[in-house]
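As structure tokens, the structure follows; a few thoughts come after it.
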Amino acid sequence: DTGVSQDPRHKITKRGQNVTFRCDPISEHNRLYWYRQTLGQGPEFLTYFQNEAQLEKSRLLSDRFSAERPKGSFSTLEIQRTEQGDSAMYLCASSLGGLQETQYFGPGTRLLVL
Amino acid sequence: QKEVEQNSGPLSVPEGAIASLNCTYSDRGSQSFFWYRQYSGKSPELIMSIYSNGDKEDGRFTAQLNKASQYVSLLIRDSQPSDSATYLCAVIHGSTGGFKTIFGAGTRLFVKA
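In order, the protein sequence lines correspond to chains A and B.
Going by the numbering used here, the letters in the first sequence line up with residues 1 to 114, in that order.
Going by the numbering used here, the letters in the second sequence line up with residues 115 to 227, in that order.
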């Protein structure tokens with residue numbers, strides 16, 4: 001499978017715990033995006049990487065969220081001290097880059113914070 | 115005002131009809147426009163992209179862009195029950211140091227057999 005993969009696909013955690021999600025982009029793609037999607041809404045931009053550099057970060061992203069992309073390959077998104085409002089689908093996408101780009105989405109990680 | 119606005123629907127059309135989906139955006143500097151389809155519980159998949167004013171056709175799909183009116187639409191001809199999904203409009207605009215993709219909330223489409 002040469003598409004975008006995400007792990008885990010589902011995560012249930014208790015409020016206050018830390019969680020980490022992983023995204024493996026399509027191998028030749030240098031851009032990687034993280035989005036959050038709640039029911040009835042479109043994907044909400046969180047952050048994106050050009051290779052290993054984090055170039056844009058949403059103002060909506062609190063200090064509890066951090067993302068990394070070491071060596072410009074896979075990426076991790078960590079949420080510290082989870083809150084019930086963090087319950088959502090976390091989507092990763094990758095692209096070759098440029099304005100005229102197609103973003104290919106992974107299957108997502110569904111997070112439920114109890 | 116939301117940056118990208120879509121009618122949430124649901125839009126219901128009979129099989130074989132034309133479905134018309136609309137999207138408006140607020141940032142005049144927006145440069146690239148996309149339509150994604152999302153089935154329930156699945157991730158978005160690209161349907162069409164458009165970058166310049168006018169129409170772009172791909173099979174049963176036609177995207178229309180009017181930058182002066184800040185309006186982009188998607189027409190689906192000969193609608194099929196398998197087209198029933200949520201259609202997301204996405205807009206890319208540049209900012210210092212990078213680009214941001216903004217999605218609308220999506221329009222739910224039901225195609226009745």
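Note that the Cβ used here is the ideal one computed from N, Cα and C, for glycine as well.
Note that the structure is predicted; figures quoted are calculated from it, not measured.
| Check | Outcome |
| --- | --- |
| Secondary structure of B/S126, DSSP reduced to three states | strand |
| Near-chain B residues of the stretch 43 to 55 of chain A - C-beta to any C-beta below 8 angstroms | P43, E44, F45, Y48, Q50 and L55 |
| The stretch 66 to 84 of chain A: positions lying closer than 9 angstroms to chain B by Cβ | none |
| Chain-ordered chain A contacts of B/K214 [CB-CB under 7 angstroms] | F45 and E56 |
| Beta carbon proximity, A/Q103 to chain B, threshold 8 angstroms | yes |
| Bridge partners - B/T200, DSSP secondary structure assignment | B/Q152 and B/R222 |
| Host beta strand (DSSP E) of A/F21 (start-end) | V19 to D24 |
| Span of the beta strand (DSSP E), counted from its first residue to its last, around A/R36 | R31 to Q37 |
| Cβ contact check for the stretch 142 to 161 of chain B and the stretch 189 to 208 of chain B: 3 or more pairs under 8 angstroms | yes |
| Contact set for A/E68: own chain, Cβ-Cβ below 6 angstroms, skip 5 residues either direction | T76 |
| DSSP bridge partner residues for A/R110 (one or two, in chain order) | A/H10 and A/M89 |
| Limits of the beta strand (DSSP E) - the one that B/K170 falls within | G168 to D172 |
| Contact list for A/G108 against chain B, beta-carbon separation under 7 angstroms | S157 |
| Residue-chain proximity (B/L179, chain A), Cβ-Cβ < 8 angstroms | no |
| Segment contact flag, the stretch 125 to 135 of chain B with the stretch 52 to 60 of chain A, C-beta cutoff 8 angstroms, min 3 pairs | no |
| Chain B contact residues for A/Q17, given Cβ-Cβ distances below 8 angstroms | Per Cβ cutoff of 8 angstroms: no residues; A/Q17 is ~25 angstroms from chain B at best. |
| Within 8 angstroms, strictly: CB atoms of A/E83 and A/R15 | yes |
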